[in-house]
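Student:
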Amino acid sequence: MPIGGALDHLGPRRTNGALLLVAAAGCLLFGVADGFPILLVGRFLAGLGVAACLMASFKAFVLWAPQARLPFLNGFVMAVGSIGALAATTPTEWLLGLMNWRELFVLLAVALLMSAVVLYLLVPRDPKPAGEGEASGLLAATVGVREVLRQRVFWSIAPLGVVHQGTFLGIQSLWAGPWLAEVAAMDRDGVANHLLVLAVAMVLGFLISGALAGALAKRGISAVSLLGGVNLAFTATLLVLASGFTGAPAILWAAFGFFGASGMLSFAILVAHYPPGLAGRVASAMNLLVFAAAFSVQTGFGAVIDRFHGDGPEASFAGAGFAAAFLIAAAFQGLSLVWLRLTRSWRDSGSV
Numbered sequence: 481m482p483i484g485g486a487l488d489h490l491g492p493r494r495t496n497g498a499l500l501l502v503a504a505a506g507c508l509l510f511g512v513a514d515g516f517p518i519l520l521v522g523r524f525l526a527g528l529g530v531a532a533c534l535m536a537s538f539k540a541f542v543l544w545a546p547q548a549r550l551p552f553l554n555g556f557v558m559a560v561g562s563i564g565a566l567a568a569t570t571p572t573e574w575l576l577g578l579m580n581w582r583e584l585f586v587l588l589a590v591a592l593l594m595s596a597v598v599l600y601l602l603v604p605r606d607p608k609p610a611g612e613g614e615a616s617g618l619l620a621a622t623v624g625v626r627e628v629l630r631q632r633v634f635w636s637i638a639p640l641g642v643v644h645q646g647t648f649l650g651i652q653s654l655w656a657g658p659w660l661a662e663v664a665a666m667d668r669d670g671v672a673n674h675l676l677v678l679a680v681a682m683v684l685g686f687l688i689s690g691a692l693a694g695a696l697a698k699r700g701i702s703a704v705s706l707l708g709g710v711n712l713a714f715t716a717t718l719l720v721l722a723s724g725f726t727g728a729p730a731i732l733w734a735a736f737g738f739f740g741a742s743g744m745l746s747f748a749i750l751v752a753h754y755p756p757g758l759a760g761r762v763a764s765a766m767n768l769l770v771f772a773a774a775f776s777v778q779t780g781f782g783a784v785i786d787r788f789h790g791d792g793p794e795a796s797f798a799g800a801g802f803a804a805a806f807l808i809a810a811a812f813q814g815l816s817l818v819w820l821r822l823t824r825s826w827r828d829s830g831s832v
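Counting along the sequence shown from 1, when you hit position 61 you're at 541 in our numbering, and nothing is skipped either side.
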């Protein structure tokens, strides 16, 4: 939340540029650490330093791009971030054949430092005062957050986006692999290959859903309607996963990745209903709730699966536990869509 206020009052260029220097320091500290406490501090600084990257992009798009382009631009930067995540797999394994992990973190520190320099030298200054006439300082940022959360439109649209994205991230980051191993009975290579399929589908979901939102808008179909359709498809995928069907796992998890990633449309929809001077705080508030939901899904899935834990040495996770967990996730998707239909505050303002 403080980063959201900084993005609105200092602008994405200065906020993200300064924090990337913090991330560079964290990676450098991690690379030269001689004990766990220093490793922990380095990890903390690295996480803090990259915390503004996505939200800074969303804020910059609001300042520089037409409102109708926001879904595509948000999807594009999410896709770029996903490609970066892919770089942490096989490419990193290749690099570790050329250098040790300490040298790799020093290399990351240099890359982050260069990124900060590029932001400072090449990114133009904000086209308008970031706060749009608001008083500056922490008090104004706090008031702005309160203004974000008190609007009906936030609590109309945010639940669907939070449940959708939180469910997708929670499963994709932790429980997709165990399902492939325990329910579909795949070996390690099979799991890795299917997770790669999921990741590629996720990148395509970010790109295509954003582009599709812009194309449909020209035909009078709102991004909210597209989000609702994507949510239905995602819910259907969760129900198929709950059924225990393993006949076409690559297609199934590709659908999960594609329709799950498409839930990012909720960010552009929500930000479009606020003044540009609040965009950073809107996106940051939404992002905070999404990550809280993702952590809850990770933990909640584990609690449900443990209720069906098998007794044999090969029964680490029972299929019935996954079925129950996916059914609960699908039910929450349905409830969030019903909530959006009942509140419909998004009809009162904005055009996205």
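We put the beta carbon where it would ideally sit given N, CA and C, even for glycine. These numbers come from a predicted model, not from an experiment.
Can you tell me which of N767, L807, A565 puts its alpha carbon nearest to the alpha carbon of S842?
Tutor: What the structure shows of the chain is the stretch from 481 to 832, and residue 842 is not part of that stretch, so it cannot be assessed.
Student: Contact defined as beta carbons within less than 8 Å: I believe A809 pairs with L718. What is the distance between those atoms, to the nearest angstrom?
Tutor: Confirmed, Cβ separation roughly 5 Å.
Student: Secondary structure at L576, three-state DSSP: helix, strand or coil?
Tutor: Correct three-state label for L576: coil.
Student: Look at A713 and P551 and say whether their C-beta atoms are less than 8 Å apart.
Tutor: Against a cut-off of 8 Å, the Cβ pair of P551 and A713 comes out as no contact.
Student: DSSP state of K698, grouped into three classes?
Tutor: Coil.
Student: Tell me the rounded alpha-carbon separation between W655 and V560.
Tutor: Approximately 23 Å between the Cα atoms of the pair.
Student: Along the chain, where does the alpha helix (DSSP H) containing D514 start, and where does it finish?
Tutor: It is not in any alpha helix (DSSP H) - D514 carries neither H nor E in the DSSP assignment.
Student: I believe A568 touches L649 by the beta-carbon criterion, under 8 Å. Please report the beta-carbon distance rounded to the nearest angstrom.
Tutor: The Cβ separation is near 16 Å, so there is no contact.
Student: Flag this pair as yes or no: are the beta carbons of S636 and L500 separated by less than 8 Å?
Tutor: Not closer than 8 Å, so no.
Student: Quick one: residues in its chain with C-beta nearer than 7 Å to the C-beta of F556, no 5 flanking neighbours on either side, listed in chain order?
Tutor: Result list for F556: L687, G690, in chain order.
Student: Just to confirm my understanding: we take A615, look at its own chain, exclude 5 residues before and 5 after, and list those with CB closer than 7 Å. What are they?
Tutor: Annotation note: pLDDT 45 at A615 (below 50); position unreliable, no value reported.
Student: My output table needs one value for M666: the three-state DSSP class, helix, strand or coil.
Tutor: The answer is coil: DSSP assigns M666 none of H, G, I, E or B.
Student: Enumerate in chain order the residues of its own chain whose CB-to-CB distance from L588 is below 7 Å, with the five nearest sequence positions on each side excluded.
Tutor: C507.
Student: My understanding is that G522 touches L509, with C-beta atoms under 8 Å, so please give their C-beta distance in whole angstroms.
Tutor: 4 Å between Cβ atoms; contact.
Student: When you compare the CB positions of L750 and V762, do they come within less than 8 Å of one another, or not?
Tutor: Cβ atoms of L750 and V762: closer than 8 Å.
Student: Since I believe L678 is in contact with W834 (beta carbons under 8 Å), could you give me their beta-carbon distance rounded to a whole number of angstroms?
Tutor: Because residue 834 is not part of the residues shown, which for the chain are 481 to 832, the question remains open.
Student: Please return the same chain residues whose Cβ sits closer than 7 Å to the Cβ of A805, not counting the five positions on each side in sequence.
Tutor: Excluding residues within five positions, the ones whose Cβ falls inside 7 Å are F781, V784, I785.
Student: Between which two residues does the alpha helix (DSSP H) carrying R605 extend?
Tutor: Where R605 is concerned, there is no enclosing alpha helix (DSSP H), given that its DSSP letter is neither H nor E.
Student: Around the C-beta of N840, are 16 or more other C-beta atoms found within 10 angstroms, so that it is buried, or is it exposed?
Tutor: For residue 840 there is no data in the structure shown, the boundaries of the chain being 481 and 832.
Student: Return the chain-ordered list of same chain residues with a C-beta closer than 7 Å to the C-beta of L692, the five sequence neighbours on each side being excluded.
Tutor: Taken in chain order, the residues that qualify are L706.
Student: Determine the direct distance from the alpha carbon of L660 to that of F725, and round the result to whole angstroms.
Tutor: Taking the straight line from one Cα to the other gives about 11 Å.
Student: Go ahead and pull the three-state DSSP assignment for L820.
Tutor: Looking at L820 - three-state DSSP - the assignment turns out to be helix.
Student: Are the CB atoms of A531 and I483 nearer to each other than 8 Å?
Tutor: Yes, Cβ-Cβ distance for A531 and I483 is below 8 Å.
Student: If you follow the alpha helix (DSSP H) that A545 is in, where does it begin and where does it stop?
Tutor: Counting along the chain, A545 falls outside any alpha helix (DSSP H), and DSSP gives it neither H nor E.
Student: So, with DSSP's three-state summary, where would you put G650?
Tutor: Helix at G650.
Student: For M558, count neighbouring C-beta atoms within 10 Å of its own C-beta (all shown protein chains included) and say buried if the count is 16 or more, exposed if not.
Tutor: So M558 counts as buried.
Student: Near F524, what residues of its chain come up, given a Cβ to Cβ distance below 8 Å and the 5 sequence neighbours on each side ignored?
Tutor: So the qualifying residues of the chain are G506.
Student: Identify which residue in A665, T572, P756 has its Cα closest to the Cα of P546.
Tutor: Comparing Cα-Cα distances from P546 to each of A665, T572, P756, the minimum goes to P756.
Student: At what residues does the alpha helix (DSSP H) containing H753 begin and finish?
Tutor: Careful: H753 lies outside any alpha helix (DSSP H) and carries neither H nor E.
Student: Could you tell me whether the Cβ atoms of G694 and A548 are closer together than 8 Å?
Tutor: Yes.
Student: For K698, is the classification buried or exposed, using 16 other Cβ atoms within 10 angstroms of its Cβ as the cut-off for buried?
Tutor: So K698 ends up on the exposed side.
Student: Report yes if the C-beta of H489 is less than 7 Å from at least one heavy atom of the ligand MN; otherwise report no.
Tutor: Ligands displayed in this structure: none; no statement on the ligand MN is therefore possible.
Student: With burial defined as no fewer than 16 other Cβ atoms inside 10 Å of the residue's Cβ, what is the status of V770: buried or exposed?
Tutor: Its Cβ being crowded by 16 or more others within 10 Å, V770 is buried.
Student: Spatial neighbours of M666 within its chain, please: CB distance less than 8 Å, with the 5 preceding and 5 following residues excluded, ordered by chain position.
Tutor: Excluding residues within five positions, the ones whose Cβ falls inside 8 Å are L660, H674, P729.
Student: Measure the CB-CB distance between F739 and G685 and report whether it falls below 8 Å.
Tutor: In this structure, G685 lies closer than 8 Å to F739 by Cβ.
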